[in-house]
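Notes for the one structure printed next.
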Amino acid sequence: MENFMFYAPTKIFFGKGSIKNLPAEILKHSDNVLFVYGGGSIKKTGLYEKITNLFKENGISCKELPGVEPNPKIESVREGVRLCREHKLGGVVAAGGGSTVDCAKVIAAAVSYDGDPWDIILDGSKVKSCLPVFDVITLAATGTEMNGNAVISNMSVNDKKALHDDRVKPVCSVLDPEYTFTVSKFQTASGTADIMSHIFEVYFSRAEGTLVQDGISEALLKICIECGKKAVDNPEDYEARANLLWASSLAINGLTGCGKPEPWSCHSMEHQLSAYYDITHGAGLAVLTPAWMKFLIRRNNISKLVSYGVNVLGIDAALPDVQIAEEAAGRTAEFFCSIGIPATLSELGVGTEHIEDMARKSFEEGMENAYEPMSETDIIEIYKSCM
Ligand code: NZQ
Ligand code: ZN
């Protein structure tokens, strides 16, 4: 196991009614904040009213930034920065899915930077300081509620890139599984695929001796398979939603990746799909992941796939390794289909016209830590096999 530093400063309030803790946490930092939310789901569910009432009752004033898009766009960040500066706001509160929280994080990091916010996405060293970020997460998927990542799209240059900075880790996050009851079946399934991919991306690593990380990863993967299906079948299954939500935070708060080089092969391929076709992140990953597993089999790099097959999927360990690996890749694809995600990228609206550009950009994201090195040609092959 390599040396590591683990830093997870976010205070988590988990469970029914835990939103009552939010105002006191905000007031430790500011009584004048930016309230960021998405396209309207929080208004339909009543969460908007709940939060604005809590603000009023506790003397917190806010300016609002509504309408943050799925795959949040740099234009929303620019508008949020403008509001923070104009009204001298002292914190950013997001309510919604990962897109809303990511937008809030980049706003918080860009307020003190004089140039265009896209600059800090391209070069994180330009971040000087950050406003405190708070969130009420409403979708189990990205784990943004406990990490220092924020992914923003700039459609004018077909780019989707991440800022990584410990200072944007939320001060506190409210995780109430009931707020996720209204997530659609498709978004629930895509969120499940995203959580699983966050685990796969570090589980499939060249690191040796990471028994704790691998054991936690395998347990979380089993929970995703069980609870993802239950939540899709019965959206108001509290325990399924609760476990999925907590799994989403633990999958990508640094815990499972401690002491490992982090290759993130499928994410770098998926971010290109979202950047060109604005598709749902988790759904793209669900199609790419089994295809990438088959690539591992073609390269005869199957030891981790075998562990996953036996320890997570319960495939008979007595079978030949290649058969276990093939079955593991096949069952992973079947699982994603069984929860309602299309099996091909074409069904998600992806065409073949940008494959070369996407492969080049994905390759440029850096493959140096890749579990199995991929050339641009390999990436093209994987994209094509998903059509
Ligand atoms: O916009 P609203 O109206 O809120 O609707 C959203 C949106 O349409 C809806 N939704 C969210 N909570 C809901 C709900 N609908 C009903 N009831 C609820 N409780 O779901 C739709 C998708 O929301 P979005 O925030 O886009 O989804 P998600 O949480 O999957 O976030 C995806 C974004 O996060 C990035 C992705 O690339 C993508 O841009 N990621 C962020 C990461 C991070 N910060 O660590 C890591 C991930 O790998 C990922 O890249
Ligand atoms: Zn992801």
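If you're matching positions, the sequence shown starts at 852 in this note's numbering and goes up one per residue. Just so you know, even glycine gets a beta-carbon here, dropped at the ideal spot from N, CA and C.
_Quick check on L1196: does DSSP put it in helix, strand or coil?_
For the purposes of this step, residue 1196 is taken as the residue at position 345 of the sequence shown. When DSSP states are grouped into helix, strand and coil, L1196 belongs to the coil group.
_One question on the structure: do K924 and I972 come within less than 9 Å of each other, judged by their Cβ atoms?_
As a working mapping, residue 924 is identified with position 73 in the sequence shown. As a working mapping, residue 972 is identified with position 121 in the sequence shown. No, these two residues do not count as a Cβ contact at 9 Å.
_Coil, strand or helix - F886 by DSSP_ = Here residue 886 refers to the residue found at position 35 of the sequence shown. Of the three classes helix, strand and coil, the one that applies to F886 here is strand, per DSSP.
*Can you tell me the Cβ-Cβ gap for L1096 and A991, rounded? I've got them flagged as a contact below 8 Å.*
Taking the sequence shown and counting its residues from 1, the one referred to as residue 1096 is at position 245. Taking the sequence shown and counting its residues from 1, the one referred to as residue 991 is at position 140. Right, their Cβ atoms sit about 4 Å apart.
*Return the CA-CA distance between G891 and K1020, expressed in angstroms with no decimal places.*
Translated into the one-based positions of the sequence shown, residue 891 becomes position 40. Translated into the one-based positions of the sequence shown, residue 1020 becomes position 169. Between the alpha carbons of G891 and K1020 lies a gap of roughly 25 Å.
*Quick one: residues in its chain with C-beta nearer than 6 Å to the C-beta of G1042, no 5 flanking neighbours on either side, listed in chain order?*
The residue labelled residue 1042 in the question sits at position 191 within the sequence shown. Contacts found: L990, A991, A992 and G1133.
*In three-state terms, what does DSSP make of V1063?*
Reading the sequence shown from its first residue, position 212 is the one you call residue 1063. The answer is helix: DSSP assigns V1063 an H, G or I state.
_Among D1208, E1227, S1197 and F857, the one whose alpha carbon lies nearest that of C1237_ = As a first step, residue 1237 must be located in the sequence shown, where it is residue number 386. Of D1208, E1227, S1197 and F857, the residue nearest in Cα terms is S1197.
_Please state whether the Cβ-Cβ distance between K1208 and N1009 is less than 9 Å._
Position 357 of the sequence shown, counted from the start, is the residue given in the question as residue 1208. Position 158 of the sequence shown, counted from the start, is the residue given in the question as residue 1009. Here residue 1208 turns out to be Asp, not Lys, going by the sequence shown. For D1208 and N1009, yes; Cβs fall inside 9 Å.
*Any idea what DSSP makes of E1178, helix, strand or coil?*
For the purposes of this step, residue 1178 is identified with residue 327 of the sequence shown, where counting begins at 1. Of the three classes helix, strand and coil, the one that applies to E1178 here is helix, per DSSP.
*Going by DSSP, name the residue or residues bridged to H1015.*
Against the sequence shown, residue 1015 aligns to sequence position 164. According to DSSP, which records beta bridges pairwise, H1015 is partnered with N1000.
*Which of the three DSSP states, helix, strand or coil, is assigned to L934?*
Residue 934 sits at position 83 when you count from the first residue of the sequence shown. Residue state, collapsed to three classes: helix.
*Could you check what DSSP says for V1173 in three-state terms: helix, strand or coil?*
The residue you call residue 1173 lines up with position 322 of the sequence shown. Three-state DSSP puts V1173 in a helix.
*Determine, using beta carbons only, whether A1058 and M1225 come nearer to each other than 9 Å.*
Here residue 1058 is taken as the residue at index 207 of the sequence shown, counted from 1. Here residue 1225 is taken as the residue at index 374 of the sequence shown, counted from 1. Taking 9 Å as the Cβ cut-off, A1058 and M1225 do not qualify as a contacting pair.
*asked:* Below 8 Å, is the gap between the Cβ of E1090 and the nearest heavy atom of ligand 2?
replied: If you number the sequence shown from 1, residue 1090 lands on position 239. No, ligand 2 has no heavy atom inside 8 Å of this Cβ.
_According to DSSP, simplified to helix, strand and coil, what is L913?_
In the sequence shown, the residue the question calls residue 913 occupies position 62. The amino acid at residue 913 is misidentified as Leu; the sequence shows Cys. Strand.
*Just grab the DSSP bridge partners of N1005 for me.*
In the sequence shown, the residue the question calls residue 1005 occupies position 154. Note: N1005 sits in a beta bridge opposite D1010.
*Does the stretch 921 to 936 come within contact of the stretch 963 to 971, defined as at least 3 CB pairs closer than 8 Å?*
Short answer: they touch.
*Proximity winner among F886, G1060, S1189 and A945, relative to N854 (alpha-carbon distances)*: Counting from 1 along the sequence shown, the entry for residue 854 is found at position 3. It is G1060.
_I need the DSSP call for G966, collapsed to helix, strand or coil._
Stepping through the sequence shown from its first residue, residue 966 is reached at position 115. Here DSSP, grouped into helix, strand and coil, assigns G966 to coil.
_Under 9 Å, Cβ to Cβ, is there at least one residue of chain D near I1230?_
Of the protein chains in this structure there is only one, and it is not chain D.
*Please look up how many angstroms separate the CB atoms of E1216 and S1119, rounded, as I've assumed it's under 8 Å.*
Taking the first residue of the sequence shown as position 1, residue 1216 is located at position 365. Taking the first residue of the sequence shown as position 1, residue 1119 is located at position 268. Right, the Cβ-Cβ distance comes to about 4 Å (below 8 Å), so this counts as a contact.
*Could you check the C-alpha separation between R1182 and L878 for me, to the nearest Å?*
Here residue 1182 refers to the residue found at position 331 when the sequence shown is read from its first residue. Here residue 878 refers to the residue found at position 27 when the sequence shown is read from its first residue. Each residue's Cα considered, the two are about 48 Å apart.
_Looking at the secondary structure, which residues open and close the beta strand (DSSP E) in which A946 lies?_
Residue 946 sits at position 95 when you count from the first residue of the sequence shown. That run of the beta strand (DSSP E) goes V943 to G947.
*Between the stretch 910 to 924 and the stretch 951 to 963, do three or more beta carbon pairs fall short of 8 Å?*
Short answer: they touch.
*Nearest to T1033 by alpha carbon, out of S869, I893 and F1186?*
Working through the sequence shown from its first residue, we reach residue 1033 at position 182. Here the closest residue by C-alpha is I893.
*Taking Cβ positions, are A1102 and G994 nearer each other than 9 Å?*
Stepping through the sequence shown from its first residue, residue 1102 is reached at position 251. Stepping through the sequence shown from its first residue, residue 994 is reached at position 143. Taking C-beta atoms as the reference points, A1102 and G994 count as a pair closer than 9 Å.
*Below 9 Å between beta carbons: does that hold for N998 and G1135?*
The residue given as residue 998 occupies position 147 in the sequence shown. The residue given as residue 1135 occupies position 284 in the sequence shown. It is not a contact, given that the beta carbons lie outside the stated cut-off.
_Cβ neighbours of C935 in the same chain (closer than 6 Å, five flanking residues each side left out)_ = The sequence position of residue 935 within the sequence shown is 84, counting from 1. Exclusion of the five residues before and after C935 leaves L885 and V962 as the residues of its chain whose Cβ lies within less than 6 Å of its Cβ.
*Can you check whether the CB of G868 is closer than 9 Å to the CB of G947?*
For this step, residue 947 is matched to residue 96 along the sequence shown. For this step, residue 868 is matched to residue 17 along the sequence shown. No, the pair does not count as a contact, with Cβ atoms beyond the cut-off.
*Under 7 Å, CB to nearest heavy atom of ligand 2: contacting residues*: Put simply, the residues with a CB less than 7 Å from any heavy atom of ligand 2 are T993, D1045, S1048, H1049, H1118, H1132, G1133 and L1136, in chain order.
*DSSP three-state call for F906: helix, strand or coil?*
Along the sequence shown, one-based indexing puts residue 906 at 55. Looking at F906 - three-state DSSP - the assignment turns out to be helix.
_Beta-carbon proximity check, F864 vs V1025, cutoff 9 Å_ = The count along the sequence shown starts at 1 and reaches residue 864 at position 13. The count along the sequence shown starts at 1 and reaches residue 1025 at position 174. Going by C-beta atoms, F864 is nearer than 9 Å to V1025.
*asked:* Here's the rule: buried if 16 or more other CB atoms are within 10 angstroms of the residue's CB, otherwise exposed. What is T1203?
replied: The residue given as residue 1203 occupies position 352 in the sequence shown. Taking all protein chains shown into account, T1203 has fewer than 16 neighbouring C-beta atoms within 10 Å of its C-beta and is therefore exposed.
*Pair every Cβ in the stretch 1073 to 1080 with every Cβ in the stretch 1135 to 1152, then say whether three or more of these pairs are closer than 8 Å.*
Here the stretch 1073 to 1080 makes no contact with the stretch 1135 to 1152; the two share fewer than three CB pairs at distances below 8 Å.
*If you measure from the CB of T1140, is any heavy atom of ligand 1 nearer than 8 Å?*
In the sequence shown, counting from the first residue as 1, residue 1140 sits at position 289. Answer for T1140: no, Cβ out of range of ligand 1.
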